[in-house]
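Here is the structure we will look at, set down as structure tokens.
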Amino acid sequence: MQAFAELQRDKVAAEAANEAKTRYLVAVSHEIRSPLNVIYGYAQLLERDHGISGAEAGTIIRRSAEHVTNLVEGLLEISRIESGVLTIRSDLVDIRGLLEHIVDMFRMQAAAKGLTLTLVLKDRLPDQVRTDERRLRQILINLVSNAIKYTQAGQVSITVGYRSQVADIRVADTGIGIALDDLERIFEPFDRGSSTEAQVQPGIGLGLAITRVLARVLGGDITVTSTPGAGSEFRFRTMLSAPVVPTRSVNQGSRITGYRGTRRTVLVIDDDPAQRAILESLLSALGFIVRMATNGAEGIALAASNPADMVLLDIQMPGINGWEVAARLRKDHGAALRIIMVSADAHEFRAGGDGRSSHDAFVTKPVEHDTLVALIGTQLDLYWNEAEPEVTEDCAPEHIALPAEAAPLIERLRALVNIGHVRGIESALDDLQDRVPTAGPLVSSLRRHLDSFDLRSLLKTIDDAAE
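Per our numbering, residue -4 is the first one in the sequence shown, and the count goes up by one each step.
The structure is reproduced here in structure tokens:
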């Protein structure tokens, strides 16, 4: 009888797991199908020339593509966490600057809904703290974004306390609130709770699930209290230790313009022409000699005929895959050749850099430029040249008005900045200058940011001008 009872329990557990998996797959299918249908529909309209505005269609297609990208990124994030391949970095972070940046990022979105967005620092914060900057930013963005999304009137506040190297960050809103039974459910993937108001909100239902797991990975946790109809408060507590002696890397506000010493050669092996173009633009702007190969065999031959200091190597390529190429390069050139694997699949992650592997580091696509540059600097032991942003009254005004006729061109420019396509940005700036002469001051300002490869400031200048 005991064995039968155990079999029954196992059966019930297996059925529950299958039902959960089915619900999960149905949710993913629904979330990904809707934006794909929009992209497909507008692509057909443009193809058949139904008189639809190209700028309007482009905006809708871009937003739908962003939704799909966010969904895939969310699923990959959960997959990385569950697979134990999530890497946590130890960065020196200007915590006050990061918090102010988050507020600036959401200020317009809050204002558009008539909401007040405030930041209150209860305690003095250290100049720098040590944590994973990207993960901390991701947690804060998810919490503030959710608060604004579910609040129709009133305010959203971020209150920060800091005692004994522990940060206590509270994001409170005057939104719809959360029922008591839903306070834990909302942290499950694709579960927004039972509230009708929550169900109709846009989004993929992964944000809070990822946010709590990331908080715990950083050694902290997230809790929530709420009153239905009155609002909610999410509390994020985590250790943010201040370094005893701040380590100098790149100064805040400065931009990397190159590096000291002998010019280094980087070999990029990737079958994707767009990815090759992006990496070539980034590396060339920093003074590297860049060689390009479209497949593994070509890369091996090029490394033999034109010795390189570093290889950026895609994994999924026709013919010889990246791991085989890395093994061959390591055998032929030894440890002096630094090899960074680049992949869109987190499941292919291997840490490397242990003296035994055929590679030294691993990054995922889409490649975050700042992360890649920092990694290259570490691997090649580079000393970066830095330049303070130049600010003059005639060439960098505080606010540059955007002519109305430049709107379609600026949307194209914004899309190129978001993917980091430097050559495309240069071409778009030339086009903007030619077609809208009155945009000259704006173009000049944007070119300065591009010259120092400061895409973040470039995008901010575009957004400020579009206000």
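Virtual Cβ for every residue (Gly too), placed ideally from N, Cα, C.
{"Query": "Own chain partners of R442 with C-beta closer than 8 angstroms, once the 5 adjacent residues on each side are dropped", "Result": "L424"}
{"Query": "Cβ pair count under 8 angstroms reaching 3, the region 367 to 380 against the region 248 to 262", "Result": "yes"}
{"Query": "Contact set for R255: own chain, Cβ-Cβ below 7 angstroms, skip 5 residues either direction", "Result": "Y378 and N380"}
{"Query": "Status (buried if at least 16 other CB within 10 Å, exposed otherwise) for N32", "Result": "exposed"}
{"Query": "Y254 in three-state terms, based on DSSP", "Result": "strand"}
{"Query": "Sequence-distant residues of its chain with Cβ nearer than 7 angstroms to S484 (five each side left out)", "Result": "Outside the modelled stretch of the chain, which goes from -4 to 462, sits residue 484, for which no answer is possible."}
{"Query": "At least three beta-carbon pairs within less than 8 angstroms, the region 208 to 228 to the region 117 to 136", "Result": "yes"}
{"Query": "Burial state of P432 (16 or more Cβ within 10 Å)", "Result": "exposed"}
{"Query": "Through-space distance from H444 to L453, alpha-carbon basis", "Result": "5 angstroms"}
{"Query": "Outcome for K144 when other beta-carbon atoms lying within 10 angstroms are tallied against a minimum of 16", "Result": "buried"}
{"Query": "Alpha-carbon spacing of T169 relative to I97, whole angstroms", "Result": "19 angstroms"}
{"Query": "Sheet register partners of V208 (DSSP bridge)", "Result": "Answer by DSSP bridge pairing: none, since V208 is not bridged."}
{"Query": "Nearest-angstrom Cα separation, counted from I90 out to L120", "Result": "7 angstroms"}
{"Query": "Span of the beta strand (DSSP E), counted from its first residue to its last, around L131", "Result": "Here L131 belongs to no beta strand (DSSP E); instead the alpha helix (DSSP H) covers E128 to K144."}
{"Query": "Proximity to R230 [Cα-Cα], best of P223, G215 and G224", "Result": "G215"}
{"Query": "Residue closest to K117, alpha-carbon to alpha-carbon, out of A162, Q104 and I136", "Result": "A162"}
{"Query": "Where M312 sits in the DSSP three-state scheme", "Result": "coil"}
{"Query": "Neighbourhood of K455 by C-beta, 7 angstroms cutoff - its chain only, sequence neighbours within 5 removed", "Result": "none"}
{"Query": "Contact under 8 angstroms by Cβ, L175 with V219", "Result": "no"}
{"Query": "The alpha helix (DSSP H) enclosing T373, as first and last residue numbers", "Result": "H364 to L375"}
{"Query": "Three-state secondary structure assigned by DSSP to R125", "Result": "strand"}
{"Query": "Bridge-paired residues (DSSP) for T283", "Result": "The residue asked about is misnamed: residue 283 is Phe in this sequence, not Thr. For F283, which the question treats as bridged, DSSP gives no partner whatsoever."}
{"Query": "One or two residues paired with A162 in a DSSP bridge", "Result": "Y157 and T233"}
{"Query": "Backbone secondary structure at A272 - three-state DSSP", "Result": "helix"}
{"Query": "Beta carbon of I181 nearer than 8 angstroms to that of I173", "Result": "yes"}
{"Query": "Candidates S439, G53, L87 and T64: closest to R409 by CA position", "Result": "G53"}
{"Query": "Sequence-distant residues of its chain with Cβ nearer than 7 angstroms to S236 (five each side left out)", "Result": "V124, R125 and Q160"}
{"Query": "Three-state class that DSSP yields for I173 in the structure shown", "Result": "coil"}
{"Query": "Alpha carbon of D429 to alpha carbon of G49, nearest angstrom", "Result": "20 angstroms"}
{"Query": "8 angstroms Cβ cutoff met for L324 and I371", "Result": "no"}
{"Query": "Short Cβ contact (8 angstroms threshold) for H328 with A298", "Result": "yes"}
{"Query": "Where the beta strand (DSSP E) containing I489 begins and where it ends", "Result": "In the structure displayed, the chain extends from -4 to 462; residue 489 sits before or after that span and is not available."}
{"Query": "Cα-Cα separation between I315 and A288, rounded to whole angstroms", "Result": "13 angstroms"}
{"Query": "Rounded Cβ spacing between L427 and L404 (contact assumed at less than 8 angstroms)", "Result": "5 angstroms"}
{"Query": "Local conformation of T89 per DSSP, three classes", "Result": "One point to set straight first is that residue 89 is Asp, not Thr, in the sequence displayed. It is coil, neither helix nor strand."}
{"Query": "Option in E319, V320 and L308 with minimal Cα separation from V358", "Result": "L308"}
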